[in-house]
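There are 2 protein chains.
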Amino acid sequence: MSNSNRMTVREMARLAGVSVATVSRVFNGTGQVSEEMRQRVLESIKAHGYQPDHRGRALAARRHNTIGLVFPGLAGPYFGELIQGFELEVVQSQAAVHILCTHMRRDSDEQVVEMARRVDGLAVLGGTVSDDTLRRLAGTLPVVVLAGTGPGAIASIRAENHDAMRDLTTHLLTVHGLRDLIFVGSPDGSPDISERWEGFRTAHREACLTPRRRPVRAALRQEDGVQVASQLLKRGTLPQAIVCANDETALGVLVGLLGAGVRVPEDVVITGFDDVQMAGLVAPALTTVRQPIRELAAETARQLLRAGSTPPENRLLPTELVIRRSCGCASAGSTPDP
Amino acid sequence: MSNSNRMTVREMARLAGVSVATVSRVFNGTGQVSEEMRQRVLESIKAHGYQPDHRGRALAARRHNTIGLVFPGLAGPYFGELIQGFELEVVQSQAAVHILCTHMRRDSDEQVVEMARRVDGLAVLGGTVSDDTLRRLAGTLPVVVLAGTGPGAIASIRAENHDAMRDLTTHLLTVHGLRDLIFVGSPDGSPDISERWEGFRTAHREACLTPRRRPVRAALRQEDGVQVASQLLKRGTLPQAIVCANDETALGVLVGLLGAGVRVPEDVVITGFDDVQMAGLVAPALTTVRQPIRELAAETARQLLRAGSTPPENRLLPTELVIRRSCGCASAGSTPDP
DNA sequence: TTGAAAGCGCTACCAA
DNA sequence: TTGGTAGCGCTTTCAA
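In order, the protein sequence lines correspond to chains A and B.
First residue of the first sequence: 118, per my numbering; consecutive thereafter.
First residue of the second sequence: 118, per my numbering; consecutive thereafter.
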């Protein structure tokens, strides 16, 4: 192994007895190069362990070979899946992943703009960046909104939320005949949650009912669910069903209530959204909606990587109702795992 | 707002009526510039919205202004905290964060080497990269091993695992008089877990006891804990205490056992490690060890950002035993949260 | 098919 | 203090 540290095209060209142009052509497989030459240079490149410098390349090619991912902050399986799905796809394409957590920072929009100057494309989680900034960015580089929609003609990829949540809620209303449902989650926090809240309301409307309460605002983490549980317990009376904006919250609520001796689903029904691993493993297993998180992220990455060659799309991936025990159904559709 | 798209130093210099050198000097605050000149250029820069191109800068300055973070794959609060702590520190320093998940990929070492060519420094989670590769990388750029130690003189930052786990185990053995303890976690998976397993064994040795079982191997996620719980239930007899390698596993075991009607801590004692948020919120609250995850990550970032100006350190951050209900103690040291 | 040379946008050296 | 200019390492015309 020779020291690839100070090996430049020029040095490489000298060692191979060719011009820098040829080295570049061979390495990149561009232009016309005679087979004989190609072999010779290729060998020399391998022998000396030459690897072109990313900075020089970036400057000359006016690309960064880097894709950015902006999300609110992360904990829990949802973002984990998201990042992994995204990263896997990007790395396979020889590009790199820049990440930025906006996590409630006031100046996050600025930071996103700053990041935009270092990447070739930007994936932005719905609700993390203002429409204004989004529009400005989209004029500069390819932008895809993940789990949400952008203003104007900005590409976006999201899962179907509204109908799924409507179906789930309708299931509770009609099959189980429940009436007193609460929704846990903050509709103004993200487009996903907003759509789920709307689905919840639509189901009520279609059943000629009015949801009795405003949503119970809570962030999306498991611990927020636990907090909600203890709030509910303090109030004294539980609703008939607790429809959570996502699985993590639902798991938190579940743990909180079970710990207090409440029986689920006998005393209260709980449902989630996402179908994370844990959802199928807890007792009672969580009735929820499956959304293809990794696929969402992977598709976002793919779209950004080929951006330019295709017009911005607005994709909507299907979701699937997963009925388990926590809604009161007899065990059905459980997800066995090795 | 003018279009900062095609604004270069040269163009900027022309517009300001000065040389490119002066623009560069003013923008970077380097060299000697008269106050009058500085003001004039600064104004012009602001007026035209000039921002130097990262690629040009990187090439000329031979820096990337980017720090890399390598970890196995992520889910759960531990990695969430880690990434956020890291990212916050790096972004504050005007640098960017590259991430790479090795997640069990066979060729991950190669990818880490590839990433190393795009960053100025590398933070590597213990156990994700081979010592060989680590050594090779450390010859090229600053490397810090996070939650583990590297070979040779490579910098590292980790939390105290062994003594904390020894103390925790001793607490179970002496205060609660338990004898039949099992350890859940894979010591060969990461240095952290390996040290905790050793602490578990040390406590037994010091009490003149032999741990009755090999560790129950399990990955670190909550769902893995659930699996362990159902395995244990199938076996028929439970141990007296289940000492988990981390909180997430412990929470999974807890949920799994509670769901099956097992009482904790009456029927079996469960403990964790990390003290994630959920640990203090479940019922019974989890006895665990607090480790400063964010601080670990932030310190890693800081060390990399100032690398070169300081010799590689090997830091060990203190941990703290957190006694709660799940070990059988009366509620103590709970962590109230707003 | 190959090579010479002109940049890509910036920093930093050396003169003035 | 300021400006001209030589690279940083690479890609890509344009000639040969």
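By construction, the Cβ of each residue, glycine as well, lies at the ideal position given by its N, Cα and C atoms.
Distance between residue j and residue i (C-alpha atoms, nearest Å)
i                : j                : result
Arg76 (chain B)  : Gly193 (chain B) : Limits of chain B in this structure are 118 at one end and 455 at the other, which puts residue 76 (chain B) out of reach.
Leu285 (chain A) : Ala335 (chain A) : 20 Å
Asp280 (chain A) : Pro428 (chain B) : 58 Å
Val385 (chain B) : Leu375 (chain B) : 10 Å
Asp392 (chain B) : Val399 (chain B) : 12 Å
Ile184 (chain B) : Met232 (chain B) : 10 Å
Ala402 (chain A) : Gln348 (chain B) : 17 Å
Asn363 (chain B) : Ala164 (chain A) : 46 Å
Ala213 (chain A) : Arg318 (chain B) : 42 Å
Leu413 (chain B) : Leu199 (chain B) : 8 Å
Leu298 (chain A) : His288 (chain A) : 12 Å
Phe188 (chain A) : Glu430 (chain A) : 21 Å
Leu368 (chain A) : Asp341 (chain A) : 10 Å
Thr366 (chain B) : Gly294 (chain A) : 37 Å
Gly173 (chain B) : Thr245 (chain B) : 33 Å
Gly166 (chain B) : Asp237 (chain B) : 28 Å
Glu204 (chain B) : Gly190 (chain B) : 16 Å
Val135 (chain A) : Val158 (chain A) : 8 Å
Gly397 (chain B) : Arg441 (chain B) : 8 Å
Pro356 (chain B) : Cys444 (chain B) : 13 Å
Val343 (chain A) : Val372 (chain B) : 13 Å
Ala346 (chain A) : Gly389 (chain A) : 14 Å
Val360 (chain B) : Trp314 (chain B) : 10 Å
Ala449 (chain B) : Phe300 (chain B) : Interpretation of Ala449 (chain B) is limited by its pLDDT of 47, a score under 50 that renders its predicted location unreliable; the figure taken from the coordinates is listed afterwards. Going from the Cα of Ala449 (chain B) to the Cα of Phe300 (chain B) covers about 24 Å.
Ile410 (chain A) : Tyr195 (chain A) : 7 Å
Arg59 (chain B)  : Ile271 (chain B) : Shown here, chain B extends from 118 to 455; a query on residue 59 (chain B) therefore has no answer.
Gln420 (chain B) : Asp305 (chain A) : 39 Å
Thr417 (chain A) : Leu251 (chain A) : 16 Å
Arg223 (chain B) : Asp249 (chain B) : 15 Å
Arg127 (chain B) : Gly425 (chain B) : 32 Å
Pro259 (chain A) : Val229 (chain B) : 27 Å
Thr125 (chain A) : Gln168 (chain A) : 8 Å
Nonlocal neighbours in the same chain, by C-beta distance under 6 Å from residue i, ignoring five residues either side
i                : result
Pro435 (chain B) : Glu277
Thr266 (chain A) : Ser273
Val150 (chain B) : Arg142 and Val143
Ala415 (chain B) : Gly202 and Glu206
Gly66 (chain B)  : Outside the shown range of chain B, which is 118 to 455, sits residue 66 (chain B), and nothing can be said about it.
Leu422 (chain B) : Ser210
Leu350 (chain A) : Ala377
Bridge partner(s) assigned by DSSP for residue i
i                : result
Asp391 (chain B) : B:Arg407
Phe188 (chain B) : B:Cys218
Arg275 (chain B) : B:Leu433
Phe300 (chain A) : A:Val360
Leu242 (chain A) : A:Leu263
Val333 (chain B) : B:Val301
Thr183 (chain B) : B:Ala213
Under 7 Å from the C-beta of residue i: neighbouring residues of chain A
i                : result
Arg235 (chain B) : His171 and Ala213
Residue i: contacting residues in chain B (beta-carbon distance under 7 Å)
i                : result
Gln339 (chain A) : Met395
Leu103 (chain A) : Given a span of 118 to 455 for chain A in the structure shown, any question on residue 103 (chain A) remains unanswerable.
Neighbour list for residue i in chain B, Cβ cutoff strictly below 8 Å
i                : result
Met232 (chain A) : Ala213
Gln408 (chain A) : The premise fails here: Gln408 (chain A) is roughly 16 Å from chain B at the closest Cβ pair, so nothing lies under 8 Å.
Cut-off 7 Å between Cβ atoms - residues of its own chain near residue i, not counting five sequence neighbours on either side
i                : result
Ser247 (chain A) : Asp226
Thr257 (chain B) : Ala233
Arg155 (chain A) : Val143
Val381 (chain B) : Leu371, Leu374, Leu375, Ile387, Pro401 and Ser443
Ile216 (chain A) : Leu186
Gly316 (chain A) : Asn278, His279, Asp280, Ala281, Met282, Arg283 and Thr286
Residues near residue i in its chain [Cβ-Cβ closer than 8 Å; skip 5 each side]
i                : result
Ile162 (chain B) : Met129, Ala133, Val140, Val143 and Phe144
Arg123 (chain B) : none
His171 (chain A) : Asn182
Thr291 (chain B) : Ala324
Interface residues of chain A facing residue i [CB-CB closer than 8 Å]
i                : result
Gln168 (chain B) : Arg234
Gln228 (chain B) : Val208
- Item | Residues within the segment 197-225 of chain B neighbouring chain A, beta-carbon criterion of under 9 Å | Gly197, Glu198, Ile200, Gln201, Glu204, Leu205, Val208, Gln211, Ala213, Val214, His215, Ile216, Leu217, Cys218, His220 and Arg222
- Message: Any C-beta of chain A within less than 8 Å: which residues of the segment 369-403 of chain B qualify?
- Response: Gly369, Val372, Gly373, Leu375, Gly376, Ala377, Gln394, Met395, Leu398, Val399, Ala400 and Pro401
- Item | Chain-ordered residues of the segment 342-365 of chain B with a beta carbon less than 7 Å from chain A | Val343
- Quick one: which residues of the segment 184-195 of chain B get their C-beta closer than 7 Å to a C-beta of chain A? List them in chain order. Gly190, Leu191, Ala192, Gly193 and Pro194
- Which of the residues in the segment 150-163 of chain A, read from start to end, lie with their CB under 9 Å from any CB of chain B? none
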